[in-house]
Amino acid sequence: MKVYLDNAATTAMDDRVIEAMLPFMKNHYGNPSSVHSHGREVRTAIERSRKKVAELLNASPSEIFFTSGGTEADNTALVCGIETHGIKHAITSPIEHHAVLHTLEVCAQKGNIQLHLLDVNEKGEIDLGQLEELLKTYPNALVSLMQANNEIGNLNDLNQIGQLAQAHGAFFHSDTVQTMGHYVHDLKSLPIDALVAGGHKFHGPKGSGFLYVRKDKKIHPFIHGGAQERNMRGGTENVIGIIGIAKALEIAYEDMSGHEAHIKALKKHFIESIKASVPGVEFNGMSGDIDQSLYTVLNVSLPPSEANAGMLLFNLDLAGISGSGGSACSSGATVGSHVLRALNHNPERDSVRFSFSRFNTIEEIDYTVEKLKELYAVEV
Ligand SMILES: Cc1ncc(COP(=O)(O)O)c(C=O)c1O
Numbered sequence: 512m513k514v515y516l517d518n519a520a521t522t523a524m525d526d527r528v529i530e531a532m533l534p535f536m537k538n539h540y541g542n543p544s545s546v547h548s549h550g551r552e553v554r555t556a557i558e559r560s561r562k563k564v565a566e567l568l569n570a571s572p573s574e575i576f577f578t579s580g581g582t583e584a585d586n587t588a589l590v591c592g593i594e595t596h597g598i599k600h601a602i603t604s605p606i607e608h609h610a611v612l613h614t615l616e617v618c619a620q621k622g623n624i625q626l627h628l629l630d631v632n633e634k635g636e637i638d639l640g641q642l643e644e645l646l647k648t649y650p651n652a653l654v655s656l657m658q659a660n661n662e663i664g665n666l667n668d669l670n671q672i673g674q675l676a677q678a679h680g681a682f683f684h685s686d687t688v689q690t691m692g693h694y695v696h697d698l699k700s701l702p703i704d705a706l707v708a709g710g711h712k713f714h715g716p717k718g719s720g721f722l723y724v725r726k727d728k729k730i731h732p733f734i735h736g737g738a739q740e741r742n743m744r745g746g747t748e749n750v751i752g753i754i755g756i757a758k759a760l761e762i763a764y765e766d767m768s769g770h771e772a773h774i775k776a777l778k779k780h781f782i783e784s785i786k787a788s789v790p791g792v793e794f795n796g797m798s799g800d801i802d803q804s805l806y807t808v809l810n811v812s813l814p815p816s817e818a819n820a821g822m823l824l825f826n827l828d829l830a831g832i833s834g835s836g837g838s839a840c841s842s843g844a845t846v847g848s849h850v851l852r853a854l855n856h857n858p859e860r861d862s863v864r865f866s867f868s869r870f871n872t873i874e875e876i877d878y879t880v881e882k883l884k885e886l887y888a889v890e891v
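For the sequence shown, position 7 matches number 518 in my numbering, and the numbering has no gaps at all.
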């Protein structure tokens with residue numbers, strides 16, 4: 512049996528997304544910047560996709576910019592947000608994705624900003640009181656806090672953070688790569704200045720993404736070149752990616768609560784069966800709490816085991832199960848997870864992030880837990 516439980520890394524494309532993209536690979540190949548009919552028909556399709564994304568998020572089409580993915584969208588929002596608005600201080604957390612952390616570190620190394628990292632407790636939670644203190648000390652800062660952590664599934668309340676940011680004149684960006692297509696975003700009511708998406712996290716194509724920037728917080732472009740994306744991103748558009756991400760988001764919104772219910776049931780079943788099968792199992796961050804974590808992610812911390820030490824992912828792979836790393840270790844061949852390290856996770860325990868999609872089944876969960884039970888049976 513082959514089981515794919517690495518959906519936070521990327522997801523399988525939905526057939527309906529592929530069908531929507533196909534005509535733009537075969538027939539509609541004009542350059543959207545060309546003014547002839549071949550170009551115009553593609554331009555129309557891009558603008559239709561932008562309108563669709565904007566409608567779903569309750570934003571204006573002029574606030575949506577298509578990018579090559581979440582990483583580029585994060586880089587654009589952070590680097591250009593800082594530059595355009597003359598920002599001198601940035602506040603973030605040590606468990607952000609590297610698309611945010613490394614970008615802000617480079618801004619700090621260049622001397623453009625001073626970087627402030629919030630503390631996290633052993634569950635990966637931040638303290639909004641500390642955020643408020645920093646915002647009071649450094650008004651008009653940039654705040655970048657992800658909506659859901661890709662490794663441990665911790666959720667941040669964007670509404671609360673946004674209100675704090677707004678009260679202190681801050682530019683608020685959130686990495687929403689793991690929540691886009693999984694939760695509703697109503698950008699008219701959410702006090703946020705920039706958020707991002709990567710299409711391949713919700714059954715769209717890889718290399719597709721978008722950036723939302725609130726109308727009254729406009730930023731400079733990150734990629735200079737032609738006038739594409741209303742001068743915000745030079746370069747001929749990834750037309751099939753744009754068609755694909757918009758279609759994937761449309762499908763996600765069609766039955767979001769149905770998908771959520773299905774995936775939550777899988778996660779709940781995983782938690783209950785592994786607790787019954789592997790003594791000493793724990794869950795990293797908030798991921799073991801069904802109602803307080805991203806429903807697609809479960810980060811399992813397994814008891815120290817000689818047979819599996821450093822080999823767990825490999826052993827699962829041999830059984831046909833694809834999960835993802837890793838341990839908290841910072842030496843040796845694996846770099847380890849900066850998120851688990853920030854949580855002071857015991858490096859003797861191996862951890863696996865299992866992440867689910869609407870395409871997974873209960874049988875796949877049962878098979879995975881059974882294999883984990885076998886792998887850990889030797890120790891009991
Ligand atoms: C939280 C988060 N941010 C950013 C990214 C990067 O997105 P992309 O692969 O679309 O560049 C990822 C992907 O793993 C992610 O999980």
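No residue lacks a Cβ here, since even glycine has one placed at the ideal position from N, Cα and C.
Computed from a predicted structure; not experimentally measured.
Taking the alpha helix (DSSP H) that residue i falls in, what are its first and last residues?
{"i": "Ser768", "result": "Met767 to Ser788"}
{"i": "His613", "result": "His609 to Gln620"}
{"i": "Gly592", "result": "Gly592 to Thr595"}
{"i": "Ser742", "result": "Correcting the residue identity first, residue 742 is Asn in this sequence and not Ser. From DSSP, the alpha helix (DSSP H) with Asn742 extends over Gln739 to Asn742."}
{"i": "Gly640", "result": "Leu639 to Thr648"}
{"i": "Tyr878", "result": "Ile873 to Ala888"}
{"i": "Gly581", "result": "Gly581 to Asn586"}
{"i": "Gly550", "result": "Ser548 to Leu568"}
{"i": "His849", "result": "His849 to Ala853"}
{"i": "Asn826", "result": "Leu823 to Leu829"}
{"i": "Arg860", "result": "Careful: Arg860 lies outside any alpha helix (DSSP H) and carries neither H nor E."}
Is it true that the CB of residue j sits closer than 9 Å to the CB of residue i?
{"i": "Gly592", "j": "Ala705", "result": "yes"}
{"i": "Val850", "j": "Glu662", "result": "yes"}
{"i": "Ile774", "j": "Arg852", "result": "no"}
{"i": "Ser862", "j": "Val808", "result": "no"}
{"i": "Leu642", "j": "Ile602", "result": "yes"}
{"i": "Asp585", "j": "Val688", "result": "yes"}
{"i": "Val750", "j": "Ala556", "result": "yes"}
{"i": "Gly692", "j": "Lys712", "result": "yes"}
{"i": "Ser700", "j": "Leu656", "result": "no"}
{"i": "Tyr806", "j": "Glu765", "result": "no"}
{"i": "Gln739", "j": "Pro543", "result": "yes"}
{"i": "His627", "j": "Ala652", "result": "yes"}
{"i": "Glu583", "j": "Gly720", "result": "yes"}
{"i": "Tyr540", "j": "Val528", "result": "no"}
{"i": "Ala763", "j": "His714", "result": "yes"}
Within a Cβ cutoff of 8 Å, which residues of the same chain sit near residue i, ignoring the five residues on either side of it in sequence?
{"i": "Glu574", "result": "Ala565, Leu698, Tyr723, Val724, Arg725 and Lys726"}
{"i": "Pro650", "result": "His679, Gly680 and Ala681"}
{"i": "Gly796", "result": "Lys634, Gly635, Asn660, Glu662, Ile663, Gly664, Asn665, Ser804, Asn810, Val850 and Leu854"}
{"i": "Glu890", "result": "Any reading at Glu890 must be qualified, since the residue scores a pLDDT of 46, below 50, and its modelled position is unreliable; the value itself is stated next. For Glu890, where only same-chain residues beyond five positions count, the Cβ hits under 8 Å are Pro814, Ser816, Glu817 and Ala818."}
{"i": "Glu761", "result": "Lys563 and Leu567"}
{"i": "Leu646", "result": "Ile602, Ala652, Val654, Leu675, Ala676, Ala678, His679 and Ala681"}
Taking 8 Å as the cut-off, does the CB of residue i come closer than this to any heavy atom belonging to ligand 1?
{"i": "Val528", "result": "no"}
{"i": "Val590", "result": "no"}
{"i": "Ala531", "result": "no"}
{"i": "Asn795", "result": "no"}
{"i": "Thr582", "result": "yes"}
{"i": "Lys726", "result": "no"}
{"i": "Lys712", "result": "yes"}
{"i": "Gly720", "result": "yes"}
{"i": "Gly709", "result": "yes"}
{"i": "Val611", "result": "yes"}
{"i": "Val657", "result": "One point to set straight first is that residue 657 is Met, not Val, in the sequence displayed. At least one heavy atom of ligand 1 is nearer than 8 Å to the Cβ of Met657, so yes."}
{"i": "Ala705", "result": "no"}
{"i": "Val688", "result": "yes"}
Only counting the same chain, and skipping five residues up and downstream in sequence, which positions put a Cβ closer than 6 Å to that of residue i?
{"i": "Leu827", "result": "Gly834"}
{"i": "Ala531", "result": "Ile754 and Lys758"}
Whose CA, out of the options, lies closest to the CA of residue i?
{"i": "Pro702", "options": "Ala759, Leu669 and Ala619", "result": "Leu669"}
{"i": "Ala888", "options": "Leu628, His731 and Val789", "result": "Val789"}
{"i": "Gly902", "options": "Arg527, Asn871, Met512 and Ala610", "result": "The displayed coordinates of the chain run from 512 to 891. Any statement about residue 902 would go beyond what the structure contains."}
{"i": "Lys786", "options": "Asp877, Lys729, Gly746 and Gly745", "result": "Asp877"}
{"i": "Leu639", "options": "Leu653, Asn667, Asn871 and Thr582", "result": "Asn667"}
{"i": "Ile801", "options": "Lys779, Arg561 and Thr747", "result": "Lys779"}
{"i": "Glu885", "options": "Phe781, Ala830, Met743 and Phe867", "result": "Ala830"}
{"i": "Leu824", "options": "Leu533, Phe865 and Ser784", "result": "Phe865"}
{"i": "Thr578", "options": "Ile782, Arg561, Met536 and Glu783", "result": "Arg561"}
So, for residue i: in the same chain, excluding its five sequence neighbours on each side, which residues have a beta-carbon less than 7 Å away from its beta-carbon?
{"i": "Ile832", "result": "Val514, Leu516, Thr879 and Lys882"}
{"i": "Glu793", "result": "Ser812"}
{"i": "Ile606", "result": "Val631, Gly635, Asn660, Val850 and Ala853"}
{"i": "Ser798", "result": "Ile663, Gly664, Ser804, Val808, Leu809 and Asn810"}
{"i": "Gln625", "result": "Lys599, His600 and Ala619"}
{"i": "Val695", "result": "Met767"}
{"i": "Asn518", "result": "Thr807, Ser866, Phe867 and Ser868"}
For a cutoff of 9 Å on Cβ pairs, would you count residue i as touching chain D?
{"i": "Val631", "result": "Looking for chain D here will not work: only one protein chain is present."}
Starting from residue i, follow the beta strand (DSSP E) in both directions and report where the run begins and ends.
{"i": "Asn670", "result": "Looking at the DSSP string, Asn670 is not in any beta strand (DSSP E); the run it does join, the alpha helix (DSSP H), is Leu669 to Ala678."}
{"i": "Phe721", "result": "Gly720 to Val724"}
{"i": "Ala601", "result": "His600 to Thr603"}
{"i": "Leu809", "result": "Val808 to Ser812"}
{"i": "Val654", "result": "Leu653 to Ser655"}
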